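Here the structure comes first, spelled out in structure tokens, and everything after it is commentary.
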Amino acid sequence: SQEVFTRDDREDVLCQPGPRARVRKVLDILECKGEEASKVFFFTVRSHHQNPTSQCPSSDYNKVQQKHKDVLRRRSES
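Count along the sequence shown starting at 1, add 993, and that's the number in my numbering.
Take a look at the structure:
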């Protein structure tokens, strides 16, 4: 399988201060890597969008999410 992003690219994206800045960084990186990298990236995004069950959240994630919801509910009740 082809990988479009290197570890350094990933770190550059994750160091950005918010989702919009991260998207901009991803697009900047793709522009530098050329048309083939862009095609691979968009094919991957499209396939994940069409099959969202391929990346189900883990049970730990679901537990943390439920705990967070419980805390918010308790705060709103007080």
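The beta carbon of each residue, even a glycine, is placed where N, CA and C say it ideally should be.
Quick caveat: nothing in here was measured; it's all calculated off a predicted structure.
Checklist entry - Would a C-beta distance cut-off of 7 Å place ALA1030 and VAL1057 closer than the cut-off? => result Position 37 of the sequence shown holds residue 1030. Position 64 of the sequence shown holds residue 1057. Result no, Cβ atoms of ALA1030 and VAL1057 do not sit closer than 7 Å.
Item to check | Alpha-carbon spacing of VAL1038 relative to SER1071, whole angstroms | outcome: On the sequence shown, residue 1038 is found 45 positions in, with the first residue counted as 1. On the sequence shown, residue 1071 is found 78 positions in, with the first residue counted as 1. When rounded, the separation of the alpha-carbon atoms in VAL1038 and SER1071 is 42 Å.
Checklist entry - Alpha carbon to alpha carbon, how far is PRO1010 from LYS1018? => result As a first step, residue 1010 must be located in the sequence shown, where it is residue number 17. As a first step, residue 1018 must be located in the sequence shown, where it is residue number 25. CA-CA distance, PRO1010 to LYS1018, rounds to 11 Å.
Item to check | Whole-angstrom distance between LEU1020 and VAL1033, CA atom to CA atom | outcome: Sequence index remark: in the sequence shown, residue 1033 carries index 40 (1-based). Sequence index remark: in the sequence shown, residue 1020 carries index 27 (1-based). Taking the straight line from one Cα to the other gives about 13 Å.
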